[in-house]
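In this note's numbering, the protein residues as written are -17 to 246.
By construction, the Cβ of each residue, glycine as well, lies at the ideal position given by its N, Cα and C atoms.
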């Protein structure tokens, strides 16, 4: 029997350093309301954007009591979209009772239109929200969301969330061939949302989508940065997956970690 069911890692992260994963879904199957063309966990029908309780706080707390591995962040992520867990605030409280690290969540932002969810997310030290398209047409093509998820509502929700946020907000964009030519359009959205950081990523783990080269990513960073400066938003930091160091970290449970990273 695997010792840890709800926690995995730590993993070396180019964005978060040593990141100890907390999976608030923790199901064998992927539960996500997107079916992104680049998903490392494979192709599947997107789940309805309905929230439910998957992990009991006491069970997570019991695992955290056993974990001794140090980390820079406790990161809510895993096999699916973490905000589909209806009790992330309670799970976050359990983390805070037992660990001293900063907390992060990596979300597709599908439910960011909800004031309740924005309130829950504001309790994290660092929120990394996905934005892979500059318009609804590309959003539907790349992220292939469940019915009822609206691109414009996501952007509005991100703008609202950014205002008055005590912690840090990053917008992550996964660049592939289909959206790499839209750097100017993305920059306009970044300027509107006003995050602390923009994280330009490309799919380096096994998946159907081809990653961009280092030169292509460097060009995207250059164009995005220049346009943000032109828009008066050059205070937004830009990083990319090729330009940041990833620390070597030994996970407490290698099989559970590889499973959540689409490698087994």
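*asked:* On the DSSP bridge list, what partners appear for residue 40?
replied: Bridge partners of residue 40: none, in fact.
*Grouping DSSP H, G and I as helix and E and B as strand, with all else coil, what is residue 100?*
helix
*Keeping to the same chain, check which residues put their C-beta closer than 8 Å to that of residue 196; ignore five residues upstream and five downstream.*
224
*Verify whether the separation of the beta carbon atoms of residue 88 and residue 133 is less than 9 Å.*
no
*Return helix, strand or coil for residue 152, following the three-state DSSP convention.*
strand
*If you follow the beta strand (DSSP E) that residue 3 is part of, which residue opens it and which one closes it?*
-1 to 4
*Buried or exposed: residue 122, going by 16 or more other Cβ atoms within 10 Å of its Cβ?*
exposed
*Ends of the alpha helix (DSSP H) at residue 211?*
196 to 212
*So, helix, strand or coil for residue 8, using DSSP?*
coil
_Inter-residue spacing [alpha-carbon to alpha-carbon] between residue 17 and residue 94_ = 18 Å
_Measuring only from the beta carbon, is residue 99 closer than 8 Å to any heavy atom that is part of the ligand NAP?_
The ligand content of the structure shown is nil, which means the ligand NAP is not present either.
*Backbone CA spacing between residue 209 and residue 194 [nearest angstrom]*: 21 Å
*Where does residue 170 fall in DSSP's three states?*
helix
*Please name the residue or residues paired with residue -5 in a DSSP beta bridge.*
-1
*Residue(s) in a DSSP beta bridge with residue -11*: 4
_residue 83 - DSSP class collapsed to helix/strand/coil_ = coil
*Apart from the five residues on each side of it in sequence, which residues of its chain come closer than 6 Å, Cβ to Cβ, to residue 33?*
66 and 68
*Whose CA, out of 214, 174 and 1, lies closest to the CA of residue 84?*
1
*Look up residue 118 in the DSSP assignment and say whether it is helix, strand or coil.*
helix
_If distances are taken between C-alpha atoms only, which option among 199, 181, -11 and 72 comes closest to residue 47?_
-11
*Pick helix, strand or coil for residue 218, following the three-state DSSP scheme.*
coil
*Top-ranked residue by Cα proximity to residue 81, from 126, 117 and 42*: 42
*What is the DSSP secondary structure of residue 124, counted as helix, strand or coil?*
helix
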